[in-house]
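Structure record follows, encoded as structure tokens.
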Amino acid sequence: MSGQKNGLTYAQAGVDIDAGNLMVEKIKPLVRSTRRPGADGEIGGFGGLFDLKAAGFTDPVLVAANDGVGTKLKIAIEAGKHDTIGVDLVAMCVNDIVVQGAEPLFFLDYFATGKLDPEQGASIVGGIAEGCRQAGCALIGGETAEMPGMYQEKDYDLAGFAVGAAERGQLLPTDDIVEGDVLLGLASSGVHSNGFSLVRRIVATSGLGWNDPAPFADDRTLADALLEPTRIYVKSVLKAIRGTHGIKALAHITGGGFPENIPRVLPQDFSAELDLDAIEVPPVFSWLAKTGGVAANEMMRTFNCGVGMIMVVASGQAAQVAAVLQEAGETVSPIGRIVPRRDSGVIYRGAIAL
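Read in my numbering, the sequence shown has -8 at position 12, and its numbers run on one by one without any break.
This is the structure we're talking about:
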């Protein structure tokens, strides 16, 4: 019929395939920058490839992890700062892999948004590539989904997937944890990527805006200070594992803080006794506690409170392990010891300086 209108297009429904193709072209150099032995392909295929033999493994056990960034994303979106949130995404996955004694090998991301902005997307993937470089793993693929009606136009969500490997028999924790083993704490870079629903609630009650000066950080806006990326511990921890053979267990301090994460790597008949006086608490946590009226126990089960990773080390090797980590750039402190099991998996001594 001569009067019939043309049919609808995908673009008219809100999905711009051309924008997606443009984003792929923008991120190809970023992906190439993460190449490592075992991964040297281009993105754009139906699946990413990784060669374990080329990576130097002979009898590997694979270790996989996936995670997101939580409502820290809301700060990035509202502040219009997207270049570091990808580092957080990688960190949350690869830090979970290295605590099992495994080397992260490759990473894939999932990016979903209401309306694709290729520049914004490339900025996010730039952060992911930076995180992969810090962790020594390859970004071998991902998925970009434009989903009008599912998300508001400026909103987006991220998920990450990482796979690592360790030679058979070298996974952590070991089976020789004993009373008197030392707990070493590795300093965090800030809040990392947990507890941000509470952080945002506290900020709302404070009356501050994201572009206001951060009360706890000189010369930084509140958004910049809170968006400080999660520290990636992979290279330093692997160096300590391989160079000392003194690390028995590692705990990544994420959601659940000290009382939920440390017992996950301990035998049932042992507890971790933490010396709270030995923990140097960054100013951001003191500000959150005071501004929100958050009790100390609630802070320690919600945030890392300045300790992003805790390791169980043979007492006679604690100084050696600490020295290797410090040489690799970590701030390390003895923060406790392993004791016979008591009422809970974590026992506190002293008081945390909030």
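Cβ atoms here follow ideal geometry from the backbone N, Cα and C, with glycine treated the same way. None of these values were measured; they are calculated from a predicted model.
*Just the C-alpha distance for LEU85 and LEU2, rounded to the nearest angstrom, thanks.*
27 Å
_Assuming SER251 is part of the beta strand (DSSP E), what are its boundary residues?_
Its beta strand (DSSP E) spans residues 250 to 255.
*Write down every uninterrupted run of the beta strand (DSSP E) in the region 140 to 170 whose length is 3 residues or greater and which is fully enclosed by it, in chain order.*
162 to 167
*Taking the beta strand (DSSP E) that SER313 falls in, what are its first and last residues?*
312 to 320
*Mapping DSSP to helix, strand and coil, what is LEU334?*
It is coil, neither helix nor strand.
*C-alpha gap between ALA167 and VAL(-5), whole angstroms*: 43 Å
*Report buried or exposed for SER103, applying the criterion of at least 16 other Cβ atoms within 10 angstroms of its Cβ.*
buried
_Short of 8 Å in beta carbon distance, which residues of its chain neighbour GLY66, apart from the five on each side in sequence? Order them along the chain._
Same-chain partners within the cutoff: ASP89, ILE104, VAL105, GLY106, GLY107, ILE108, ALA109, GLU110, GLY111, LEU138.
*Cα-Cα, which of GLY160, ALA82, GLU123 is closest to LYS215?*
ALA82
*Endpoints, beta strand (DSSP E) assigned at VAL43*: 40 to 48
*Taking the CB atoms as reference points, tell me whether LYS219 and VAL304 lie closer together than 8 Å.*
yes
*Since ALA(-7) contacts ALA203 with CB under 8 Å, what's their CB separation in whole angstroms?*
About 33 Å separates the Cβ atoms of ALA(-7) and ALA203, ruling out a contact at the 8 Å cut-off.
*Ordered along the chain, which non-local residues of its own chain (more than five positions away) have a Cβ less than 6 Å from that of ALA44?*
VAL143
*Relative to the C-alpha of VAL301, which residue among LEU164, TYR213, ALA56, GLU253 is closest?*
LEU164
*Apart from the five residues on each side of it in sequence, which residues of its chain come closer than 8 Å, Cβ to Cβ, to ALA298?*
VAL162, LEU164, GLY226, PRO314
_Please state the DSSP three-state secondary structure of ARG329._
Reduced to three states, the DSSP call for ARG329 is strand.
*How would you label ALA(-9), buried or exposed, when you count the other beta carbons within 10 angstroms and need 16 or more for buried?*
exposed
_CB of LYS54 within 8 Å of CB of SER173, strictly_ = no
*Note down, in chain order, each residue of its chain lying with its Cβ closer than 7 Å to the Cβ of SER177, except the 5 sequence neighbours on either side.*
THR51
*Taking C-beta to C-beta, are LEU246 and TYR328 nearer than 8 Å?*
Against a cut-off of 8 Å, the Cβ pair of TYR328 and LEU246 comes out as no contact.
_Classification of PRO80 by the beta-carbon crowding that lies within 10 angstroms, buried from 16 upward_ = Rather than Pro, the amino acid found at residue 80 in this sequence is Gln. With 16 or more other Cβ atoms within 10 Å, it is buried.
*How would you label ASN75, buried or exposed, when you count the other beta carbons within 10 angstroms and need 16 or more for buried?*
buried
_ALA331 versus ALA276, VAL293, VAL312, residue with shortest Cα-Cα distance_ = The closest CA to that of ALA331, considering only ALA276, VAL293, VAL312, is found on ALA276.
*Cut-off 7 Å between Cβ atoms - residues of its own chain near ARG200, not counting five sequence neighbours on either side*: ALA194
*Within 10 angstroms of its Cβ, does GLU133 collect 16 or more other Cβ (buried), or is it exposed?*
exposed
*By a C-beta neighbour count over all protein chains shown, 10 Å radius and 16 as the cutoff for buried, is LEU151 buried or exposed?*
Label assigned to LEU151: exposed.
*Any idea if PHE30 is buried or exposed, counting beta-carbon neighbours within 10 angstroms, 16 or more meaning buried?*
buried
*Grouping DSSP H, G and I as helix and E and B as strand, with all else coil, what is ALA19?*
ALA19: strand per DSSP, three-state reduction.
*Sheet register partners of PRO193 (DSSP bridge)*: THR201
*To the nearest angstrom, how far is it from the Cα of GLU260 to the Cα of GLY286?*
Using only the alpha carbons, I get a separation of about 7 Å.
_I need the boundaries of the alpha helix (DSSP H) containing MET279, first residue and last residue._
276 to 280
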